Amino acid sequence: MISKNKIKLIHSLETKKGREKAGLFVAEGPKVVNDLLYAGFTAENIFEDIEDIKKISFLQHPQSMLGVFKLPRNEHYTEFSITQLVLALDGVQDPGNLGTIIRVADWFGIKDIFCSLDTADCWNPKVVQATMGSIARVQLHYVDLNKMVESLPADYPIYATLLDGENIYKQELSHHGMIVMGNEGKGISPILRTKINRKLYIPNYSSNEDTAESLNVAIATSIVCAEFRRR
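For the sequence shown, my numbering begins at 4 and goes up steadily by one.
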């Protein structure tokens with residue numbers, strides 16, 4: 004039977020402060036747990052007793068497996084590969100959105116996501132759950148995006164979807180570059196916006212009818228990534 008101290012410890016992992024203090028994070032469900040194990044993450048505990056899991060799960064409907072894993076070492080960003088397609092997230096704060104974006108990146112073979120320091124923590128239980136195991140295969144780097152972008156070559160393609168952008172389906176897209184996605188409500192920060200040199204726009208189906216005002220950031224990311232990979 005799981006001890007009260009262990010329950011208290013695992014509950015503390017719901018917060019970033021608790022995760023950083025303990026050096027641990029939680030993953031729930033056989034798919035997510037097994038993907039992390041296969042990728043080489045170190046498990047502190049694996050729980051498969053449903054009565055124990057019910058006491059520690061963060062889910063409304065607990066699954067049949069829960070793992071407590073050691074946080075990976077904080078490897079600081081040192082070098083940027085300009086030959087690959089990468090994502091950059093500027094202030095994406097909803098855990099569900101971040102988790103879905105990680106899953107989208109995994110699906111389209113994007114291995115690195117560069118996050119502003121105010122982007123949601125990727126080891127939040129809600130984020131880990133939403134990735135459905137993709138967190139094991141995609142690396143997230145928390146950096147000062149403005150400084151990072153400034154360090155790139157002047158002709159390096161930096162894409163973003165903006166209202167004053169050009170129709171994505173009619174633009175030439177490169178096989179490398181950075182796709183910047185912004186905050187759910189505010190979009191891309193003003194300073195970073197000035198560094199975008201490839202402005203794109205996702206048109207709605209009918210410009211003559213009323214439609215949704217905007218797309219969810221995770222959905223927009225999937226559309227953009229799909230178009231880049233289609234070329």
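Positions of the beta carbon are idealized from the N, C-alpha and C atoms, including for glycine.
Predicted, not measured: the structure shown is a model, and the values here were computed from it.
Among the options, nearest to residue i - alpha-carbon criterion
i, options, result
"residue 138", "38, 23, 152", "38"
"residue 43", "16, 201, 72", "72"
"residue 149", "195, 158, 170", "195"
"residue 130", "16, 12, 156, 85", "16"
"residue 181", "115, 52, 26, 20", "115"
"residue 143", "102, 85, 224", "102"
"residue 121", "100, 134, 136, 92", "92"
"residue 229", "176, 207, 201, 189", "176"
"residue 202", "173, 211, 222, 188", "173"
"residue 188", "46, 118, 95, 34", "95"
Exposed unless 16 or more other CB atoms sit within 10 angstroms - verdict on residue i
i, result
"residue 186", "buried"
"residue 123", "buried"
"residue 193", "exposed"
"residue 132", "buried"
"residue 109", "buried"
"residue 106", "buried"
"residue 3", "In the structure as shown, the chain starts at 4 and stops at 234, and residue 3 therefore has no counterpart that could be examined."
"residue 31", "buried"
"residue 100", "buried"
"residue 134", "buried"
"residue 67", "exposed"
"residue 221", "buried"
Per DSSP, cross-strand counterpart(s) of residue i
i, result
"residue 235", "With the chain running from 4 to 234 in the structure shown, residue 235 is simply not present."
"residue 73", "27"
"residue 169", "203"
Close Cβ partners of residue i (< 8 Å) along its chain, the five nearest in sequence each way excluded
i, result
"residue 58", "5, 10"
"residue 198", "149, 152, 153, 161"
"residue 140", "38, 42, 109, 114"
"residue 208", "214"
"residue 204", "164, 165, 166, 167, 168, 169, 170, 171"
"residue 179", "85, 86, 87, 88, 160"
"residue 65", "31, 53, 56, 57"
Cβ shell of residue i (< 6 Å), same chain only, five flanking positions each side left out
i, result
"residue 112", "none"
"residue 127", "98"
"residue 35", "136"
Cβ-based neighbour list, residue i, same chain, cut-off 7 Å, excluding 5 preceding and 5 following
i, result
"residue 28", "16, 22, 72, 74, 126, 131"
"residue 26", "73, 74"
| query | Hey, which unbroken runs of the beta strand (DSSP E) at 3 residues or more fall wholly within the stretch 176–224? | reply | Runs of the beta strand (DSSP E) inside the stretch 176–224: 180–185, 201–204.
| Runs of beta strand (DSSP E) lying entirely within the stretch 44–70, each at least 3 residues, in chain order | DSSP runs (the beta strand (DSSP E)) wholly in the stretch 44–70: 46–50.
| request: Report the residue ranges of all beta strand (DSSP E) runs contained in full by the stretch 125–171; include only those spanning at least 3 residues, in chain order. | output: Within the stretch 125–171, the beta strand (DSSP E) runs of at least 3 residues that lie entirely inside it are, in chain order, 142–145, 161–170.
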